[in-house]
Amino acid sequence: MLSVAFQPRILVPMLLLSLPFYLHPTNIRGSEFSITELAIIGGVSALGLRAAGERFAGWQPALALPRPHPTDLLAAAFLVGGLLALAPSEYPKQSLRELRWLIIEPILVFYMIRITVRGSEQVVGLMWALVAAGLIATVCSWLTLVQTGTLLDPAVRAMVPYLSPNHLALFLERAGAAALAIALFGRTRWVGWLSFLTVALGIIRTLSAGAWLGLGACSLILLVLRSRRWALVAAVAIAAVIAGALVILPAERTIDRLNPATGTGLFRLEIWSSSLQMLADHPLLGVGLDNYLYLYRSDYILPQAWEEPNISHPHNWVLQFWLELGLLGLLVGFASVVFIARTAHRKFHYPVSPSDRPLAAMCLGNLVVFLVHGSVDNSYFLVDLAVVWWVVIGLLALPPLTHGEEGFDRMGDLIEPFREPVGGGALSEQ
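Below you can see the structure in the form of structure tokens.
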């Protein structure tokens, strides 16, 4: 905590690096806390200590009160939606836990960014931190496959350090979008490309069709922003990957998933049908945070879907926002999508700060994977996805930033936040 108080700019990079491991909690006096939650709680305490030091001990200013911004209304409305969603909850303990994990703590990260980020080198440093988290997760999954002797088995899905392959894929998509943005619009592009290819291979190894579609769509959009020639190359590469998957992988992992009459396709339709019925019964406030599972398997599961009763979300971002947070939550979700799209578009085409174009590309890429993969799977309502979502909004809400003397876009920017400021020790102006 003291290191963060002395160097506040290391806080959010450390949070991002913790995300792949949040499902492995620490027990403290009978209560379980994830490493990410501990980092957020410790970060808030450290920022309070730093603010007190600046106010009463004469420390050099390193924090900045955020200016009022439209995203403050988004955060407030989202919090209100979460509080209102407690009313219909039949399982308030679960809802309160999800309110803490998925709404309050990610919004705290949103404000941490606006308080601590003061230069464009920090923006790209945060992008590299997200990429590094994805690389760490990818390497962990590969090492597990090597240890079990299944690295080359096309039927075995990578998932470590997560508990499911789809969850790993959802996080890697976000990291992949950041890596591709750096590869296309940063300065150290070869490192960005190496990182992107590594993360992309990790996604392929999860055998998550939704993630393949999400990363493919993200790649096409970002490459179109770069040039039409790059987009053509991407289209050919994606077609080659699809063809290879159809040849190598079993049919139930590929073509059968697109058939609405059988397998996963039919399974999604059944879930959506049940979810629409649930919405018809709870149109205003939804069913409450983390209540979907209990209502689905007790009241709304279709008879033909009996084999899979333990479904915790409706596998569609519109349905999930509406059911978890009610109509207000859905409206905030739509408003957030519009804000990200419009602000990223403006920053990309009319950059003011050196980091604007790679940042805008990363945010657009994250939005694409949110919309594409989130249409058939989870989108926001997991701790890592929620934190990344508010990191994106927080970065886009920053005022125009300058960059330091040593440039802004190198792999070294990942460790830049951890360095001592030039000319004055730990408490010098940052």
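Residues 13 to 442 in my numbering are what the sequence shown spells out, letter by letter. For each residue, glycine too, the CB sits at the ideal point set by N, CA and C. Remember, predicted model here, so these are calculated numbers, not experimental data.
By the 16-neighbour rule on beta-carbons within 10 angstroms, V245 is exposed. Under the criterion of beta carbons closer than 8 Å, L196 and V400 do not qualify as touching, at roughly 19 Å.
The criterion of a C-beta distance shorter than 8 Å is satisfied by P370 and A193. Straight-line measurement puts the Cα of L307 at about 47 Å from the Cα of G131.
Leaving aside the five residues that flank Q289 on each side, the residues in its chain whose CB is nearer than 8 Å to its CB run, in chain order, Y312. By the Cβ test, the stretch 137 to 151 is not in contact with the stretch 327 to 336, since fewer than three Cβ pairs between them sit closer than 8 Å. N178 sits buried, since 16 or more C-beta atoms from the chains shown fall within 10 Å of its C-beta.
In this structure, the alpha-carbon of S348 lies about 43 Å from that of G161. For S57, the enclosing alpha helix (DSSP H) begins and ends at I47 to F68.
By the criterion of a C-beta distance shorter than 6 Å, L342 is surrounded in its chain by F333 and W334, once the five residues flanking it on both sides are discounted. Distance from the Cα of L278 is smallest, within the candidate group R62, I250, S310 and L314, for L314. Remark: C-beta atoms of A223 and H385 approach each other more closely than 8 Å. Per the C-alpha coordinates, the member of L108, K105, H327 and R169 positioned closest to S285 is H327. For N178, the enclosing alpha helix (DSSP H) begins and ends at P177 to F197.
Annotation: T156 to V172 spans about 7 Å, alpha carbon to alpha carbon.
Counting C-beta pairs with one atom in each stretch, the stretch 98 to 106 and the stretch 297 to 307 have three or more that are closer than 8 Å, which means they touch. Where I119 is concerned, the enclosing alpha helix (DSSP H) starts and stops at E117 to T128. DSSP, reduced to helix, strand and coil, places I148 within a helical segment of the structure shown. A straight line joining the alpha-carbon of I283 with that of R62 spans about 49 Å. Scanning its chain for C-beta atoms nearer than 6 Å, with the 5 sequence neighbours on each side dropped, one finds around I250 the residues G228, in chain order. Here A64 is exposed, its C-beta having fewer than 16 other C-beta atoms within 10 Å. In its chain, beyond the 5 residues on either side, L184, T210, V211 and G214 have a beta carbon closer than 7 Å to the beta carbon of T150. Assignment of alpha helix (DSSP H) within the stretch 320 to 363, counting only whole runs of 4 or more residues, yields 329 to 361 in chain order. Classified as exposed, I40 has fewer than 16 neighbouring CB atoms from the shown chains inside 10 Å of its CB.
Rounded to whole angstroms, the Cβ separation of V24 and I125 is 6 Å, and the two are in contact under 8 Å. Counting every other CB atom within 10 Å of its CB across the protein chains shown gives V364 a total below 16, marking it as exposed. By the neighbour-count criterion, in which 16 or more other beta carbons inside 10 Å mark a residue as buried, S231 falls on the buried side. Under the DSSP definition of a beta bridge, I40 partners with S43.
In this structure, V16 is the residue among T48, S387 and V16 with its C-alpha nearest to the C-alpha of S57. Across the structure, W242 and V248 are spaced so that their CA atoms are roughly 10 Å apart. Secondary structure at S132: helix, using DSSP grouped into helix, strand and coil. For G54 and E66, the gap between their C-alpha atoms comes out near 18 Å. For A292, the secondary structure class from DSSP, reduced to helix, strand or coil, is helix. Residue environment for T128: buried (at least 16 other C-beta atoms within 10 angstroms of its C-beta). Per the C-alpha coordinates, the member of Y362, A356, G345 and L180 positioned closest to L234 is A356.
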